[in-house]
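Scroll down for the structure; my scribbles are underneath it.
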Amino acid sequence: MLSHDKTGAEHLHAARDDSNNTFSVTFRTTPMDSTGVPHILEHTVLCGSERFPVRDPFFKMLSRSMATFMNALTAYDWTMYPFSSQNEQDFKNLMSVYMDAAFFPLIRELDFCQEGWRLEHSQATDPSTPVIFKGVVYNEMKGVFSNPQSTYMQEALNSLLPSHTYGVVSGGDPAHIPELTYEQLKQFHATHYHPSNAKFFTYGNLPLEEHLEFINSNLEKFDKITTKTQVPAEARWDEPRSKSIKCVPDPMAADPEKQTTVSVNYLLSDITDSYESFVNSVVGYLLVEGETAPFYRSLLESNIGSDYAPTTGYHNSTREAIFSVGLLNIRADAVDEVLKIIEDTIDKVIKEGFEKTRIDALLHRIELGQKHETSNFGFNLTVGLASAWNHDGDPIQMLQHNRLVESFRAELKKNPKMLQERVQKYLKDNPHRLTLTMSPDSSVAEERDAEEKDRLDNLVSALNEDDMKLILDRGAELESKQELQEDLSCLPSIKVADLDSSIKNEKIEITQADWSFIQTCDQPTNGVTYLRMASNLDGLSEDLMPYVPLFCDVITSIGAGGHDFLWMSQQQELYTGGMSASPLIIPHHSDQNRVQRAVLFSSHCLEKNFNKMMDLWTNIINSPDFEDTNRLSTLIKMCASNLASSLADSGHRYAMVSSASTLDIVSWIQEMFYGYSQVRTMKTVAEQTDLTDVIYKLQSIGNVVLDKTSLRLSVNATPSAMDRSVQGIKTFLGHIKGEVEMAPIFPEMDQIVATPHQTQYELPFSVNYVAQSFPAVLYTHKDYTPLTVLGTLMSRKFLHREIREKGGAYGSGAQLGQGTFNFFSYRDPHSLETLDVFNRCIEWAGDGKFSEEDVEEAKLGVFQKADHPVTPANRGQTRFIRDISDEMRQKNRDRLFAVNGDDLKRVAKQYLNPSKCPSGTAFLGPVNEKVRGNKKWSVVSEDDTTTEEEPV
């Protein structure tokens, strides 16, 4: 831990033998209004700096770097600029860009208008079109608050901590973003982005001395100042408070009468007290996490609601931590009942305490978590330290997990009631608690839109002739700058020619076990063993296929082997790092008529617990208990609720799955499993009061999946543990049911005829999620690599400019998927106009309106993804899951080096010609009268009706 003498900036360096080095600089940013000034500033400083005066160097560096992570993050009270890279020169390049952006940004007014907000004609240079709100952050936050759960969480924070920075929306409230001025933005940078208010973090195997020398060369231009960004402790309440808010009704709710959310939110201790925060996090975990947790049993098993309230859990992202618990999707008249259950559960915990096995399970989880290696450890470390360090907590203490655990064990031994006493102090006797209730109101969306219109009308009506000319001129100037071809020679870059020509081979071995096979991969897993098992769905009747995702969601969460789900849950916590199942829909790497449909079972554990883990899998596979209807009902409601809420945050994914769904058999199945139809399927299932038919379907799926017929296995472990693991797997195979008869991993399926379609899903959102898809090629096809490069080229050189910078959407892109090529936009104020942009993008690529430098940068972007670090747990999985060998990966790498501009023009014309190639189009968004009036479109509306027959 270091301190800069001249400015007082702090620097933490974590030296580790890891080539994936990380850098971050974090500022304490404490806004006192909801204009979103720290969020807009985060965007704007990345739009050009003194040494790098080009427009948007941050996004341009995405194409000139091999970064394993690049981004900027705005939290409630800090803003961070982090990146990671495995390449030393690249690391230095990125550090120079990030440091200059943070401390010496240009903060141009046009960039503020583009990234934050502006008034502009809907067609920027056409004065006959209406003046509207535009801006990337403006539309991003409209998208955020299209999700009622986001609104609820924001309100809970603002109301529990109302007196200072947590009482406002740091990301920006669309109702207040237009109040922010350019001068206020510059002033916020001057007072917050100073070394005296900064914390630097570096991690990895690069020498600290070089980091310090470079950072100092930037900081020596500053003198130390007294910052006024500290967040005071919240004045504690004398009595609890309550608040009620309204939200947009959820059209996908299983029960329209059950759309109320209620929670109780408690203010806890200062997060800079690392030991007290650790103990409170333990209490929070024990109270709500896992099926044996007291609140899980009292709230979720009661089936009063569908899931926990979105605020539920322990949170340490504010100066004083928060614990919250409540229920989602309850009847309006059940609020008092839920509050009584919460009160009674707290009383019961204070009286009876927590079971020792649950505490042991949590300590096991902590031990396993320390050994489990993530793909970007340095980044996760800096984010994990940010909040407490931001308030001058000691980051070294926070890293000493073993010491915290030892202190916890010692206090618990000395005082067995320590956890009950924490519950008494922080929950039962704590008057600083907020009860927040949210209920649906059909007028909310209409009122929201009317208020936005009123704000716009008030601003526009105050404009005089000179103001209108200024808006028109500024729109033309901004568009001109967005179109400008800049000299980017000032930006550093990694060159494709400097990259390693060879892939990193992932050595595997195959061991036969009767007719099954076990893929083994010796890895330095730090004493953890990772298991995957794939069971083929071939032979399952088609009417059961829509229920496979539900089967996967419940199979490891129900009783098995004669034990109830509570026992199974407890054993999983005690001996594993989690057990899960997920559907696999994978096209063959070369043959479009061959498809893998399977269920993938995954788990990991400490080496010493491997046999215990396999015993649990034996129970699950041999005798799952689908007959516990109360348990099944709880899981179904949670699943349906999670899917419904995911529409607002992952709308682009649903749009892409839908747009591709009529183009090939893999996409059709993916829509069934992961698309909008799956949301509707689960809504229908959750509406059922008699689960007899659902139980029969799940049992029927189990009859196909849960045996060793066509089961193949993969294990990653240390060399010293591998033989024991393989023997344990063979023993496991001898104990589970079924005949061993290895069927093809990729059996043949009848291919569907690619059919165009246009579908809108009407939802009460403020923004759109738009997608268009074309049939493409598979992994070993010679055009797979140029199409992959084309997607990166289109995303970074055309779509970003047209959809984000000009159109104001938060995100966009083009990418080659599993046999389809997909365009998308995210939190987009436009819909049909975006489809026009997709078409213009295709023309742009087909006409070759890009440079060889653009091609090189796009190739670098593909290499960046291909060379992303793979953890020991995941090495060999490309072969196991996709049957793609090292030789195939090397051939694609060779092709990637050879791709040129002519290849990109050719594949754009061949595969993306709208007049010759069938394409699917879909978007999620609010009512669009142009679409409703067009018979070419199918409209899936909120009331479960369609204006046209849905595509099949």
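Under full-length UniProt numbering, the first residue of the sequence shown carries the number 1, and numbering increases by one thereafter. Where a beta carbon is used, it is the ideal one built from N, C-alpha and C, also for glycine. Please read all numbers here as calculations on a predicted model, not as lab measurements.
### Query
Ends of the beta strand (DSSP E) at N716?
Here residue 716 refers to the residue found at position 716 of the sequence shown. Start and end: L711 to A717.
### Message
Spatial neighbours of M153 within its chain, please: C-beta separation below 7 angstroms, excluding the five flanking residues on both sides.
### Response
For the purposes of this step, residue 153 is taken as the residue at position 153 of the sequence shown. The residues are P310 and T311.
### Task
Just tell me which of N839, L663, F52 and T79 has its CA closest to the CA of T30.
For the purposes of this step, residue 30 is taken as the residue at position 30 of the sequence shown. Checked all of N839, L663, F52 and T79; the closest Cα to T30 is T79.
### Message
One question on the structure: do A922 and S650 come within less than 8 angstroms of each other, judged by their Cβ atoms?
### Response
On the sequence shown, position 922 is the one that residue 922 refers to. On the sequence shown, position 650 is the one that residue 650 refers to. The answer is no: Cβ separation not under 8 angstroms.
### Straight-line Cα distance separating S557 from P775
Position 775 of the sequence shown, counted from the first residue, corresponds to residue 775. Position 557 of the sequence shown, counted from the first residue, corresponds to residue 557. Using only the alpha carbons, I get a separation of about 38 angstroms.
### Query
In the segment 332–375, which residue ranges form an unbroken alpha helix (DSSP H) of at least 4 residues, counting only runs that do not cross its ends?
335–352 and 356–371
### Query
Is the segment 564–575 close to the segment 357–376, with three or more CB pairs under 8 angstroms?
yes
### Task
Sort out for me which residues DSSP pairs F83 with in a bridge.
Along the sequence shown, read from residue 1 onward, the residue named residue 83 stands at position 83. Looking at the DSSP assignment, F83 forms a beta bridge with F23 and M70.
### Query
Does DSSP put I555 in a helix, a strand or coil?
Taking the first residue of the sequence shown as position 1, residue 555 is located at position 555. Coil.
### Contact set for T529: own chain, Cβ-Cβ below 7 angstroms, skip 5 residues either direction
Along the sequence shown, one-based indexing puts residue 529 at 529. So the list reads H604, C605, E607, F610, V715, A717, A721 and S725, once near-sequence residues are dropped.
### Task
Take the Cβ of E451 as the centre, count every other Cβ of all protein chains shown within 10 Å, and call the residue buried at 16 or more, exposed below.
Within the sequence shown, numbered from 1, the residue matching residue 451 stands at position 451. That one is exposed.
### Task
Mind listing, in chain order, the continuous beta strand (DSSP E) runs of no fewer than 3 residues lying wholly within the segment 428–481?
Every unbroken stretch of the beta strand (DSSP E) spanning 3 or more residues and falling wholly within the segment 428–481 is given here in chain order: 433–440.
### Task
Using the DSSP secondary-structure output, state which residues sit across from T529 in a beta bridge.
As a first step, residue 529 is located in the sequence shown; it is residue number 529 there, counting from the start. Note: T529 sits in a beta bridge opposite C605.
### Query
Exposed or buried, which one is H830 when buried takes at least 16 other CB atoms within 10 Å?
Indexing the sequence shown from 1 puts residue 830 at position 830. Classification of H830: buried, given that the 10 Å Cβ count is 16 or more.
### Task
Return the bridge partner residues of V264 from the DSSP annotation.
Here residue 264 refers to the residue found at position 264 when the sequence shown is read from its first residue. DSSP, once it has assigned bridges, lists V325 and T435 as partnering V264.
### Message
What does the Cβ neighbour count give for R403, buried or exposed, with the cut at 16 atoms within 10 Å?
### Response
For this step, residue 403 is matched to residue 403 along the sequence shown. With fewer than 16 Cβ atoms within 10 Å of its Cβ, R403 is classed as exposed.
### Task
In angstroms with no decimal places, state the Cα-to-Cα distance between I701 and R875.
The residue given as residue 701 occupies position 701 in the sequence shown. The residue given as residue 875 occupies position 875 in the sequence shown. Using only the alpha carbons, I get a separation of about 30 angstroms.
### Task
Could you spell out the range, first to last residue, of the beta strand (DSSP E) harbouring H757?
Here residue 757 is taken as the residue at index 757 of the sequence shown, counted from 1. Its beta strand (DSSP E) spans residues H757 to E762.
### Task
Could you check how far apart the C-beta atoms of S84 and A67 are, in whole angstroms? I think they sit under 8 angstroms.
The residue labelled residue 84 in the question sits at position 84 within the sequence shown. The residue labelled residue 67 in the question sits at position 67 within the sequence shown. With 8 angstroms as the limit, S84 and A67 qualify as a contact, their Cβ atoms being about 6 angstroms apart.
### Task
Tell me, to the nearest whole angstrom, how far the beta carbon of A156 is from that of N265; I am working on the premise that it is less than 8 angstroms.
Taking the first residue of the sequence shown as 1, we reach residue 156 at position 156. Taking the first residue of the sequence shown as 1, we reach residue 265 at position 265. That belief holds up - the Cβ atoms of A156 and N265 are roughly 5 angstroms apart, short of 8 angstroms.
### Task
With DSSP collapsed to three states, give me the class of K935.
Taking the sequence shown and counting its residues from 1, one reaches residue 935 at position 935. Three-state DSSP puts K935 in coil, outside helix and strand.
### Task
Given a cut-off of 8 angstroms, decide if D828 and G813 are closer than it, judged by their beta-carbon atoms.
By one-based count along the sequence shown, residue 813 stands at place 813. By one-based count along the sequence shown, residue 828 stands at place 828. Cβ distance not < 8 angstroms, so G813 and D828 don't count as in contact.
### Query
If you check the beta carbons only, do F201 and L419 fall under 8 angstroms apart?
Counting from one through the sequence shown, the residue named residue 201 turns up at place 201. Counting from one through the sequence shown, the residue named residue 419 turns up at place 419. Contact flag unset, no.
#### Entry: Reduced DSSP category for M579 - H, G, I as helix; E, B as strand; rest coil
Indexing the sequence shown from 1 puts residue 579 at position 579. In the structure shown, M579 sits in a strand (DSSP, three-state: E or B).
### Message
My assumption, with CB atoms under 8 angstroms, is that T709 sits in contact with G734. Please give the rounded CB distance.
### Response
Taking the sequence shown and counting its residues from 1, the one referred to as residue 709 is at position 709. Taking the sequence shown and counting its residues from 1, the one referred to as residue 734 is at position 734. Incorrect: roughly 14 angstroms between the Cβ atoms, too far for contact.
### Contact the segment 661–671 vs the segment 501–517: 3+ CB pairs below 8 angstroms
no
### Message
For S541 and C113, what's the separation of their Cα atoms in angstroms?
### Response
Within the sequence shown, the letter at position 541 stands for residue 541. Within the sequence shown, the letter at position 113 stands for residue 113. Computed Cα separation, rounded: 56 angstroms.
### Message
Rounded to whole angstroms, what is the Cα-Cα separation between S773 and E115?
### Response
Your numbering for residue 773 matches position 773 in the sequence shown. Your numbering for residue 115 matches position 115 in the sequence shown. Cα to Cα, the separation comes out at about 28 angstroms.
### Message
Distance check for P240 and Y769, CA to CA, integer angstroms please.
### Response
The sequence position of residue 769 within the sequence shown is 769, counting from 1. The sequence position of residue 240 within the sequence shown is 240, counting from 1. Roughly 41 angstroms between the two C-alpha positions.
### Message
Just to check my reading of the structure: M1 and I396 have Cβ atoms closer than 8 angstroms, yes? What is that Cβ distance to the nearest angstrom?
### Response
As a position in the sequence shown, residue 1 is number 1, starting the count at 1. As a position in the sequence shown, residue 396 is number 396, starting the count at 1. Contact flag correct, Cβ pair sits at about 6 angstroms.
### Task
Note down the Cα distance separating L399 from P38, rounded to an integer number of angstroms.
Counting from 1 along the sequence shown, the entry for residue 399 is found at position 399. Counting from 1 along the sequence shown, the entry for residue 38 is found at position 38. Rounded to the nearest angstrom, the two C-alpha atoms are 28 angstroms apart.
### Query
What are the residues that DSSP puts in a beta bridge with H563?
Your numbering for residue 563 matches position 563 in the sequence shown. Paired residues: A560.
### Query
Per the contact definition of three or more C-beta pairs closer than 8 angstroms, is the segment 422–430 in contact with the segment 274–284?
Here the segment 274–284 lies against the segment 422–430, with 3 or more beta-carbon pairs under 8 angstroms apart.
### Rounded separation between K142 and I177 - CA only
Residue 142 sits at position 142 when you count from the first residue of the sequence shown. Residue 177 sits at position 177 when you count from the first residue of the sequence shown. When rounded, the distance between both Cα atoms is 11 angstroms.
### Task
For my contact list, S146 and S766 are in at a C-beta cut-off of 8 angstroms; report their separation, rounded to the angstrom.
Within the sequence shown, the letter at position 146 stands for residue 146. Within the sequence shown, the letter at position 766 stands for residue 766. Correct: roughly 5 angstroms between the Cβ atoms.
### Per-residue DSSP class, three states only, for V753
To locate residue 753, count along the sequence shown from 1; it is residue 753. DSSP places V753 in coil when its eight states are reduced to three.
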